[in-house]
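Scroll down for the structure; my scribbles are underneath it.
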Amino acid sequence: MNNRFILIVVFFLAVGIGFFHYHMKKRPEKSEWEPISRIINQTRTWQGKTAPDFEGELLSGGKFTLSDYIGKRVIILNFFATWCGPCREEMPELERFYAKHRKEKLILVGIAEESEKEAVSKFVQNYKLTFPVIIDEKGKIGRKYGVTSYPTTVMIGAQGSILLYEIGMISNTEATFDKLYRLNVDLLKKGKGISKKLYLEKRKLQEKGTKGKAGEKKLEGRAGEIADKMGCLCGCERELQECTCTIARKMKRKLETMDMGEQTDTEIIRKLHKEFCPDGK
Numbered sequence: 087m088n089n090r091f092i093l094i095v096v097f098f099l100a101v102g103i104g105f106f107h108y109h110m111k112k113r114p115e116k117s118e119w120e121p122i123s124r125i126i127n128q129t130r131t132w133q134g135k136t137a138p139d140f141e142g143e144l145l146s147g148g149k150f151t152l153s154d155y156i157g158k159r160v161i162i163l164n165f166f167a168t169w170c171g172p173c174r175e176e177m178p179e180l181e182r183f184y185a186k187h188r189k190e191k192l193i194l195v196g197i198a199e200e201s202e203k204e205a206v207s208k209f210v211q212n213y214k215l216t217f218p219v220i221i222d223e224k225g226k227i228g229r230k231y232g233v234t235s236y237p238t239t240v241m242i243g244a245q246g247s248i249l250l251y252e253i254g255m256i257s258n259t260e261a262t263f264d265k266l267y268r269l270n271v272d273l274l275k276k277g278k279g280i281s282k283k284l285y286l287e288k289r290k291l292q293e294k295g296t297k298g299k300a301g302e303k304k305l306e307g308r309a310g311e312i313a314d315k316m317g318c319l320c321g322c323e324r325e326l327q328e329c330t331c332t333i334a335r336k337m338k339r340k341l342e343t344m345d346m347g348e349q350t351d352t353e354i355i356r357k358l359h360k361e362f363c364p365d366g367k
């Protein structure tokens, strides 16, 4: 049996196996690939944007203002919930990375979606967390960053831009953060971090770019109440009621026409998040 004959046999076997797998394996349903597609698109949408500024109450007391650290540190924001399994699993890894780099130009901030200070305090104690934690009682910070699931982790670089927007558990911080972290630490050491003034100007211009037509009527009744309590998903700092970008107009039209029935406000907001989550389109 010569080599040419063997190669021909191997080729046809490979084609046959490929044909079998293509036709016999179950193809993924729309409900299976849509969430994955949404996560990928959301990640792409946020990367490169100027990070929204915010101020939050620290669990330990006092306040944390993002713009005070922009251009001075590489900033990692970890949005978590105490009831979230993947959040609990990744905490030791986040704490390890923070402990390793805390004396360098790094600040890692946990942002808890809980409203119960006692629950968050217990969580911090159980996992021996030393990085600062903010309680985001009304989800205002999370809305600014389009957070719709936990955990979500955001890395902000020397120029105040979002370098990484990661949805889901991080199991290896070196693989996830290290390259971007070191590159931006080098920029900071060379004095190339953005100034607070320039950062705020960039953020203002970005917000201005999300505006659509002015003078739109406000939603009223229950739709108006919901629009007043949730933020727009475009990445600006306005509540949905006040925002006039394309996403906001679509969301408000949906709110105005949808049959709310016996659904709670929370259920309606989740549905809006699922349908209008930023996807770059």
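Going by our numbering, the sequence shown opens with residue 87, and the numbers climb by one from there.
We treat Cβ as the ideally placed atom computed from N, Cα and C, and that holds for glycine.
Would you list the one or two residues that DSSP bridges to residue i?
i, result
"N164", "G196 and T239"
"V219", "G196"
"I248", "I242"
"I253", "T238"
"G347", "According to DSSP, G347 bridges with nothing at all."
"E325", "G317"
Should residue i go down as buried or exposed, given a rule of 16 or more other Cβ atoms within 10 Å for buried?
i, result
"E118", "Unreliable positioning characterises E118 in this predicted model, as indicated by a pLDDT of 45, which lies under 50. The coordinate reading is nonetheless provided below. Exposed."
"K304", "exposed"
"Q327", "buried"
"W132", "buried"
"P138", "buried"
"L180", "buried"
"R268", "exposed"
"A309", "buried"
"L144", "exposed"
"A313", "buried"
"M337", "buried"
"A261", "exposed"
Where residue i and residue j are concerned, what is the direct C-alpha to C-alpha distance, given to the nearest angstrom?
i, j, result
"V195", "K315", "24 angstroms"
"G298", "L152", "For G298, the predicted model reports a pLDDT of 44, less than 50, meaning its position is unreliable and no value from the coordinates is stated."
"I156", "G347", "45 angstroms"
"L273", "I280", "10 angstroms"
"C318", "R339", "13 angstroms"
"E223", "A198", "8 angstroms"
"I333", "T136", "18 angstroms"
"I253", "P172", "11 angstroms"
"E175", "E361", "28 angstroms"
"M177", "K288", "32 angstroms"
"G277", "D264", "20 angstroms"
"T352", "L249", "31 angstroms"
"E306", "L341", "10 angstroms"
"E120", "C363", "Interpretation of E120 is limited by its pLDDT of 45, a score under 50 that renders its predicted location unreliable; the figure taken from the coordinates is listed afterwards. Cα to Cα, E120 sits roughly 12 angstroms from C363."
"N212", "R356", "30 angstroms"
"W169", "S235", "12 angstroms"
"I256", "N164", "10 angstroms"
Are residue i and residue j close, meaning C-beta to C-beta below 7 angstroms?
i, j, result
"Y251", "V240", "yes"
"F166", "P218", "no"
"I382", "R229", "Residue numbering for the chain in the displayed model covers 87 to 367; residue 382 lies beyond these limits and cannot be assessed."
"F183", "T129", "no"
"I227", "G142", "yes"
"I221", "V210", "no"
"G225", "Y285", "no"
Would you check whether the ligand ADP has a heavy atom nearer than 6 angstroms to the C-beta of residue i?
i, result
"L144", "As for the ligand ADP, it is missing from this structure, which has no ligand bound."
TODO: Counting only runs of 3+ residues fully inside the stretch 131–156, write out the beta strand (DSSP E) ranges in chain order.
DONE: Those beta strand (DSSP E) runs which fall completely within the stretch 131–156 and span 3+ residues are 141–143 and 149–151.
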